[in-house]
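A.B. asks:
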Amino acid sequence: MSSGAIVRLGTLNSVGRFQGHLQSLGLHIPCDPDIAVGGQSPLRSPLHRGPFKIGNRIAVQPMEGWDATSDGAPSEKTVRRWQRFGRSGGKLIWGGEAVAVSHEGRANPNQLLAAPRTQKNLTHLRDVLRREHIQTTGSDDGLVIGLQLTHSGRYCRPNEHSRPEPRILYHHPVLDQRLKLPADYPLLTDAEIESIIEGFHRAAFMAWQSGFDFVDIKHCHGYLGHEFLSAHTREGRYGGSFENRTRFLREVVQGIRSLAPGLHIGVRLSAIDTVPFHSDPSQSVNGKSAIGIAEIRPDSLPYRWGFGVNPLDPTDSDLSEPESFLSLLEELGIQLVNITAGSPYYNPHIQRPALFPPTDGYEPPEDPLVGVWRMIDATSRIKSCYPHLAITGTGYSYLQEWLPHVAQHYVRTGQVDFVGLGRLVLAYPDFAHDVLRGAPLDTKRLCRTFSDCTTGPRNGLVSGCFPLDPFYKAHPQAELVRIAKQKFKAGP
Ligand SMILES: Cc1cc2nc3c(=O)[nH]c(=O)nc-3n(C[C@H](O)[C@H](O)[C@H](O)COP(=O)(O)O)c2cc1C
Ligand code: SF4
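Written out as structure tokens, the structure reads:
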């Protein structure tokens, strides 16, 4: 499907037309025709869970900027992003951005690092966010701030942008090839895993001392926590059975509970997935990007390298194991859960639905609204089985003008607790604040999913909303992002 054939949502000038368009695509995404204001607004109603009162139903998703210093401390750009997260008006700050628990576990040489030398900087990030939030909304009542902790596993590049240094749990028939890993590339040993787990304990202790309300033990997007869940083919204590594949989570949680008893824990989970996609080689002329197709070897069924996928038809999702995982979270007393999908590396169209692909991607294989529906429908099904979990949903930015209508419907009907906003916050940070106070939307600032914020980092540059944020429009790297996009369109 070329992006030219996809109806642009900004051209639909009423909710009725938007609904008609959904019908024409055969998609069931109900939405409220009017947005309530004041005390009647479902999006403004606080949610009480355990010790938390979370002041409204907007969550800011974690988003990194590839802009920390080489020793893992925030730069001015990082601080600016966290200020803008605070200005959003969202009361649940889901993790800020991915923070590596060790240098070797960084996804890029400019990822934040939780280390004794950076602890005061992380505290500063939390403080500037809170100050900005108070300045914008008048109060920090009900503001809950988490820190997302991660190890990037297969996607580690700690030292140079151009040098992957993957730390893998098992050999994957497609992803190993993409990283050019030989058949005897070493797997992380159980002893190395134990030391990574200790890294999570130390990082969580620091987050607790820095005053964060919770840490997110990241289990999504193809990074290490997520890879554990699909380690069916791994031998030993951390692979094979469901019990072994979730040992990492249990050991991380156990250590955090004993070191930082007052700290709460959340988990961001890729609850659904599909196989890796790539640009269809048979459609590509002169190496230009083509439509994405599933890359699956005929001898790989039943599929043993996924989590949340149907092993007999791995292009389709299957919630049975993710549901067991959510039951485990309940048993462990974890209530804060953020549902996402897939990975930005191997199937970006399901992870961040977009009209325009990033330069390591492919043309959309489906209308991006299908991707939005896939995530919000899975989240709604999960919420109906786990009513006591406080669930944040993902994938709303593509809805643009219609986001408040869909968001209000799903929160009002109890199908999600928090509407998570990702790219939209980079483009238009005060979007939620405008919706919550009944101000008209500034449609010129809505994220139109140009993917420049993903293209930047894929080309060793910083991330930011190059098309719409005046700071990044004028940034010296804006021209390099433009050149990278031109090359991608033209082919090598
Ligand atoms: C520039 C950028 C950085 C991101 N960084 C993170 C991250 O650090 N941790 C994470 O869990 N997700 C990260 N994501 C994914 C977002 O949190 C979110 O899941 C995704 O953008 C889809 O939501 P949206 O449609 O509202 O943008 C990032 C996304 C973008 C565009
Ligand atoms: S660069 Fe800006 S408009 Fe494009 S996807 Fe990212 S946030 Fe949205």
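Each residue of the sequence shown is one higher than the one before, counting from 0 in numbering that gives the first Met the number 0.
We put the beta carbon where it would ideally sit given N, CA and C, even for glycine.
1) If distances are taken between C-alpha atoms only, which option among GLN82, GLY15, LEU187, ASN337 comes closest to ARG125?
2) How is the alpha helix (DSSP H) around GLN118 delimited, first residue to last?
3) For ALA97, is the beta carbon positioned less than 7 Å from some heavy atom of ligand 1?
4) What is the rounded straight-line gap between the Cα of LEU146 and the Cα of PRO280?
5) Quick one: grab the DSSP three-state call for PRO439.
6) Could you check what DSSP says for THR498 in three-state terms: helix, strand or coil?
7) Would you check whether ligand 1 has a heavy atom nearer than 7 Å to the C-beta of GLY421?
8) Taking DSSP as the reference, what is the three-state secondary structure of PRO469?
9) Are the beta-carbon atoms of LEU435 and SER44 separated by less than 8 Å?
10) In the DSSP assignment, find the beta strand (DSSP E) that holds GLY419 and state where it starts and stops.
11) Tell me whether the beta-carbon of GLY224 lies closer than 8 Å to the beta-carbon of LYS217.
12) Is any non-hydrogen atom of ligand 1 found closer than 7 Å to the C-beta of GLY341, if you look at the structure I gave you?
13) Any heavy atom of ligand 2 closer than 7 Å to the beta-carbon of ASP451?
14) Cβ atoms of MET62 and LEU425: under 8 Å apart, would you say?
15) Counting Cβ pairs, one atom from each stretch, are 3 or more of them under 8 Å apart for the stretch 358 to 378 and the stretch 246 to 254?
16) What are the boundary residues of the beta strand (DSSP E) that LEU354 is part of?
17) Evaluate VAL252 with the Cβ neighbour count: other Cβ atoms within 10 Å of its Cβ, from every protein chain shown; 16 or more gives buried, anything less gives exposed.
18) Do you know offhand how far LEU174's Cα is from ASP139's?
19) Using only CA atoms, which one of GLN208, THR358, ARG129, LEU228 lies nearest to GLY152?
20) Here's the rule I'm using: 16 or more other beta-carbon atoms within 10 Å means buried, otherwise exposed. How should HIS277 be labelled?
21) Would you please state the rounded distance, in angstroms, between the beta carbons of ILE195 and HIS231? I believe it to be under 8 Å.
22) Three Cβ pairs or more, each shorter than 8 Å: is that satisfied between the stretch 341 to 359 and the stretch 442 to 453?
23) Can you give, in chain order, each stretch of the alpha helix (DSSP H) that sits fully within the stretch 222 to 252 and has at least 4 residues?
24) Determine, for ARG7, whether the minimum Cβ-Cβ distance to residues of chain B falls below 8 Å.
25) Which residue from ASN55, THR391, LEU335, GLY25 puts its Cα closest to that of VAL36?
26) Closer than 7 Å by C-beta to TYR471: which residues in its own chain qualify, once you throw out the five before and the five after it? Chain order, please.
27) Quick one: what's got a C-beta closer than 8 Å to ARG162's C-beta in the same chain, skipping five residues either side?
28) Determine the direct distance from the alpha carbon of VAL78 to that of ALA97, and round the result to whole angstroms.
29) Starting from GLN334, trace the alpha helix (DSSP H) both ways and give me its first and last residue.
30) Start and end of the alpha helix (DSSP H) containing ASP519?
31) Should GLN22 go down as buried or exposed, given a rule of 16 or more other Cβ atoms within 10 Å for buried?
32) At a cut-off of 7 Å, would you count ALA406 as near ligand 2, judging by its Cβ distance to the nearest heavy atom?
33) So for ILE216, helix, strand or coil by DSSP?
34) Compare the Cα-Cα distances from SER87 to each of MET374, PRO29, THR135, HIS102 and report the closest residue.
35) Under the three-state reduction of DSSP, which class applies to VAL274: helix, strand or coil?
36) Roughly how far, in whole angstroms, is the beta-carbon of ALA206 from the beta-carbon of ALA377, given that I think they are within contact range, below 8 Å?
C.D. replies: By the coordinates alone:
1) If we check each option's Cα against that of ARG125, GLN82 comes out closest.
2) 118 to 136 is the extent of the alpha helix (DSSP H) around GLN118.
3) The answer is yes for ALA97.
4) For LEU146 and PRO280, the distance between alpha carbons rounds to 40 Å.
5) Coil.
6) Nothing in the structure corresponds to residue 498, since the chain is present only between 0 and 491.
7) It does: the Cβ of GLY421 is within 7 Å (strictly closer) of some heavy atom of ligand 1.
8) Shown here, PRO469 sits in a helix according to DSSP, grouped into three states.
9) No, Cβ-Cβ distance for LEU435 and SER44 is not below 8 Å.
10) 417 to 420 is the span of the beta strand (DSSP E), which, as asked, contains GLY419.
11) Yes, the pair counts as a contact, with Cβ atoms nearer than the cut-off.
12) Look at GLY341: its beta carbon is at least 7 Å from all of the heavy atoms in ligand 1.
13) Yes, Cβ of ASP451 sits closer than 7 Å to a heavy atom of ligand 2.
14) Closer than 8 Å, so yes.
15) Here the stretch 358 to 378 makes no contact with the stretch 246 to 254; the two share fewer than three CB pairs at distances below 8 Å.
16) Membership of LEU354 in any beta strand (DSSP E) is not indicated, and neither H nor E is assigned to it by DSSP.
17) Counting Cβ neighbours within 10 Å, VAL252 comes out buried, since at least 16 surround it.
18) LEU174 and ASP139 have their C-alpha atoms spaced approximately 44 Å apart.
19) Per the Cα distances, LEU228.
20) By the neighbour-count criterion, in which 16 or more other beta carbons inside 10 Å mark a residue as buried, HIS277 falls on the buried side.
21) Contact flag wrong, Cβ pair sits at about 20 Å.
22) Yes: at least three Cβ pairs fall under 8 Å.
23) Taking only runs of at least 4 residues, the alpha helix (DSSP H) segments lying wholly in the stretch 222 to 252 are 223 to 228, 241 to 244.
24) Here there is only one protein chain, and chain B is not present.
25) Considering only alpha carbons, the answer is ASN55.
26) Closer than 7 Å at the Cβ level, and outside the excluded window around TYR471, lie GLY463, CYS464, PHE465, ALA477.
27) These residues qualify, in order along the chain: ARG156.
28) Separation of ALA97 and VAL78 (C-alpha to C-alpha, rounded to the nearest whole angstrom) is 14 Å.
29) For GLN334, there is no enclosing alpha helix (DSSP H), as DSSP gives it neither H nor E.
30) This structure gives no information on residue 519, because the portion of the chain shown stretches from 0 to 491.
31) Result: exposed.
32) For ALA406, the distance from the CB to the nearest heavy atom of ligand 2 is not below 7 Å.
33) In the structure shown, ILE216 sits in a strand (DSSP, three-state: E or B).
34) Selection MET374, PRO29, THR135, HIS102 evaluated against SER87 yields THR135 as nearest (Cα-Cα).
35) In this structure, VAL274 counts as coil in the three-state DSSP scheme.
36) So it is not a contact: roughly 29 Å between Cβ atoms.
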